[in-house]
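Residue numbers (the numbering used here): 885 to 1345.
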């Protein structure tokens, strides 16, 4: 029995009546069928499309521990257990479809999600008549996926944000932030602002968000036992905390007595930082708002086989950050931007780079490998499935190269990147997914699968 199971059992024993039994999964599937979810109608995805990394667990009974917070910490943070299958609704078809699409190449790590087992976990009011609703679904082999949807009575549901998680003992707390729009000083221009995530500390009962003005707010940790095996949370950042001087800074995880278990002082700060990824227009191009454009310079450039140029530009910010953006061609194309704060540099051996492709035709079709690397990385070696290798020199912590059309097809794709130090020794390695659809250009898209409402999903294989 692991710590989470032991914690769950102790909490169950404290409930009345004492003999609360976990429902069996066959009964759950039977009830799901009554609601229109057919257990025998799962999407058949070819085995070759199921080879992506991460997650999932063998299905067992699932229980939710809903932490009921009291206003005064001294009174304690009491937890209540709720059977997710007895008390929680199956997710609506649109959410089942959302989870299903994760496994069709729409979300990294979303393969093998058990989308028909998706459940509604909890909801929180957003202070403007809307609410944020958290859904979760387990995956085969370990881990789970979540999505948060905004809802308003009588209105069409709003945008959703999703992620897939594989529990890692070295990361007891995972945090995600979504917002409508923000300004160059970190202030929020349009909401809602929602913080959600996972906790892997068995005694966690609540999360506390601390703000620049010295105030704080709390939200319960909703404990879900196997096959989720984690504490989930979702919390709003209300309007009074959208402006500079009142923004979120720190998240603290508390136990049932209000004692601190762990804290994160970087995730919220970076999400609301003036040097976070705020975009402005430079002609037809998106660039970081904090970049001092009068000091911009082209750091590295290449000409691709199709005759189109690609480049990485850099510029400082007023507070010492290094801002960067990637451009392609002369018509405003580009592949990303950001700023690296001076007090939070890229780790020395990091490989923060990846594949970026354009699925157009002719001169509008290409594939690049570009991004940031740590200051100990002098070059990267790209290793392809067919044995080809390509060496790319780093320039002031950035790399940029073309992935040639001969490497678009399966069996020829980039499969590993090795970061080399100044003496040519391997300092870091990163595997690259080769069987994920929609990454490289192609002449003919294929049908990846049919969603639960009959919609077909197509992409380059």
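Glycine is no exception: its CB is placed at the ideal position from the N, C-alpha and C atoms. All values derive from a computational prediction rather than experimental measurement.
Residues sharing a beta bridge with residue i, DSSP
i, result
"residue 1177", "Answer is none; residue 1177 lacks a bridge partner."
"residue 1330", "1343"
"residue 1222", "1208"
"residue 1019", "1004, 1031"
"residue 1277", "1263"
"residue 1148", "1135"
"residue 1310", "1304"
"residue 1271", "Per DSSP, none; premise fails for residue 1271."
"residue 1085", "In the DSSP output, where bridge partners are listed per residue, residue 1085 has none listed."
"residue 974", "1003"
"residue 1065", "1074"
"residue 1183", "None; residue 1183 has no bridge partner."
"residue 997", "1023"
"residue 1120", "1078"
"residue 1010", "Note: residue 1010 sits in no beta bridge, so no partner."
"residue 1298", "1268"
"residue 866", "Because residue 866 is not part of the residues shown, which for the chain are 885 to 1345, the question remains open."
"residue 1315", "1300"
"residue 1405", "Given a span of 885 to 1345 for the chain in the structure shown, any question on residue 1405 remains unanswerable."
CB of residue i within 7 Å of CB of residue j, strictly
i, j, result
"residue 1104", "residue 1090", "yes"
"residue 1263", "residue 1288", "no"
"residue 1156", "residue 1070", "yes"
"residue 1332", "residue 1317", "no"
"residue 1170", "residue 1282", "no"
"residue 1176", "residue 1199", "yes"
"residue 984", "residue 1335", "yes"
"residue 1222", "residue 1236", "no"
"residue 1062", "residue 1078", "yes"
"residue 1013", "residue 1036", "yes"
"residue 1046", "residue 1083", "no"
"residue 1188", "residue 1286", "yes"
"residue 1253", "residue 1239", "yes"
"residue 1018", "residue 1088", "no"
"residue 1269", "residue 1297", "yes"
"residue 1301", "residue 1290", "no"
"residue 1060", "residue 1042", "no"
"residue 1226", "residue 1257", "no"
Cβ shell of residue i (< 8 Å), same chain only, five flanking positions each side left out
i, result
"residue 1190", "1246, 1247, 1249, 1250"
"residue 1181", "1197, 1198, 1199"
"residue 1179", "1199, 1200"
"residue 1129", "1096, 1097"
"residue 1339", "981"
"residue 1202", "1174, 1176"
"residue 1214", "1193"
6 Å Cβ shell around residue i - same chain, five flanking residues per side excluded
i, result
"residue 1274", "1266"
"residue 1101", "1093"
"residue 1342", "1329, 1331"
"residue 1009", "1015"
"residue 1327", "none"
"residue 1064", "1074, 1075"
"residue 1004", "972, 973, 975, 1019"
"residue 1163", "1170"
"residue 1377", "The requested residue 1377 does not occur in the structure, where the chain is confined to residues 885 to 1345."
Endpoints, the beta strand (DSSP E) within which residue i is located
i, result
"residue 1094", "1090-1095"
"residue 1141", "From DSSP, residue 1141 is part of no beta strand (DSSP E); its letter is neither H nor E."
"residue 1163", "1163-1166"
"residue 1284", "1282-1286"
"residue 1249", "1249-1257"
"residue 1239", "1235-1243"
"residue 1059", "1057-1062"
"residue 1200", "1193-1200"
"residue 1169", "1169-1172"
"residue 1049", "1044-1049"
Residue interval of the alpha helix (DSSP H) (run including residue i)
i, result
"residue 1077", "From DSSP, residue 1077 is part of no alpha helix (DSSP H); its letter is neither H nor E."
"residue 981", "977-985"
Beta-carbon contacts of residue i that lie in its chain and below 7 Å, excluding the five residues immediately before and after
i, result
"residue 911", "At residue 911, the pLDDT of 38 sits below 50, so the modelled position is not reliable; the number obtained from the coordinates is stated separately. Hits under 7 Å: none found."
"residue 1344", "1243, 1321, 1322, 1324, 1325, 1326, 1329"
"residue 931", "In this predicted model, residue 931 has a pLDDT of only 28, less than 50, meaning its place in the structure is not dependable enough to derive any value."
"residue 1311", "1233, 1260, 1261, 1303, 1304, 1305"
"residue 1212", "1192, 1194, 1218, 1219"
"residue 1354", "What the structure shows of the chain is the stretch from 885 to 1345, and residue 1354 is not part of that stretch, so it cannot be assessed."
"residue 1346", "The requested residue 1346 does not occur in the structure, where the chain is confined to residues 885 to 1345."
For the 8 Å Cβ check, are there 3 or more pairs between the segment 1018-1033 and the segment 971-984? yes
Within the chosen definition, does the segment 1042-1053 reach the segment 1127-1134 through at least 3 CB pairs nearer than 8 Å? no
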